[in-house]
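Data block below; observations after.
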């Protein structure tokens with residue numbers, strides 16, 4: 428079923444002349460690939476420390492896991508903060524402060540992971 432939907436969307440975009448393969452000239456995407464990769468690296472690192480990806484956290488939260496609910500509320504609050512303080516990227520590219528916060532996030536989450544690692548006694 429999903430393959431059929433994908434095929435239909437591709438065919439329709441080709442027919443309408445809206446198909447554009449790649450990152451360049453997309454409506455919202457920018458071509459600063461290092462920041463795209465780094466942002467998703469931070470998401471993955473956080474997901475490892477949280478015990479599951481954001482979708483899994485949402486499902487666990489809907490099942491009543493309050494740790495997952497706190498995680499989902501934190502993701503929503505983080506998105507609101509990123510957009511209110513102009514940290515979120517746009518089609519123009521990554522913002523300076525967004526880049527700084529991303530680097531700080533990777534450093535902080537890495538330190539948290541290192542501090543709470545399991546050590547053989």
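Residue numbers (our numbering): 428 to 548. Note that beta-carbon positions come from the ideal geometry of N, C-alpha and C, so glycine has one too.
>> Output needed for residue 540: all residues of its chain with C-beta closer than 6 Å, excluding positions within five of it in sequence on either side, in chain order.
In response: The residue you call residue 540 lines up with position 113 of the chain shown. 476, listed in sequence order.
>> For residue 474 and residue 505, what's the separation of their Cα atoms in angstroms?
In response: Position 47 of the chain shown, counted from the first residue, corresponds to residue 474. Position 78 of the chain shown, counted from the first residue, corresponds to residue 505. Their Cα atoms are separated by approximately 15 Å.
> In angstroms, rounded to a whole number, what distance separates the CA positions of residue 545 and residue 478?
Replying inline: For the purposes of this step, residue 545 is taken as residue 118 along the chain shown, with counting starting at 1. For the purposes of this step, residue 478 is taken as residue 51 along the chain shown, with counting starting at 1. Using only the alpha carbons, I get a separation of about 15 Å.
> Using the C-alpha atoms, what's the distance from residue 499 back to residue 485?
Replying inline: Against the chain shown, residue 485 aligns to sequence position 58. Against the chain shown, residue 499 aligns to sequence position 72. In a straight line, the C-alpha of residue 485 is about 6 Å away from that of residue 499.
> Within this structure, are the beta carbons of residue 533 and residue 472 separated by less than 9 Å?
Replying inline: Translated into positions along the chain shown, residue 533 becomes position 106. Translated into positions along the chain shown, residue 472 becomes position 45. Yes, Cβ-Cβ distance for residue 533 and residue 472 is below 9 Å.
>> So if DSSP puts residue 517 in a beta bridge, which residue, or which two residues, is it bridged to?
In response: Taking the first residue of the chain shown as 1, we reach residue 517 at position 90. Paired residues: 520.
> Going by C-alpha distance, which of 466, 444, 487, 543 is nearest residue 528?
Replying inline: The count along the chain shown starts at 1 and reaches residue 528 at position 101. Among 466, 444, 487, 543, the Cα nearest to that of residue 528 is on 466.
> For residue 498, which of helix, strand or coil comes out of DSSP?
Replying inline: Taking the first residue of the chain shown as 1, we reach residue 498 at position 71. Looking at residue 498 - three-state DSSP - the assignment turns out to be helix.
> Considering only C-alpha positions, which residue in the set 547, 494, 459 is nearest to residue 526?
Replying inline: Your numbering for residue 526 matches position 99 in the chain shown. If we check each option's Cα against that of residue 526, 459 comes out closest.
> Roughly how many angstroms separate the alpha carbons of residue 514 and residue 524, rounded to a whole number?
Replying inline: As a working mapping, residue 514 is identified with position 87 in the chain shown. As a working mapping, residue 524 is identified with position 97 in the chain shown. About 6 Å.
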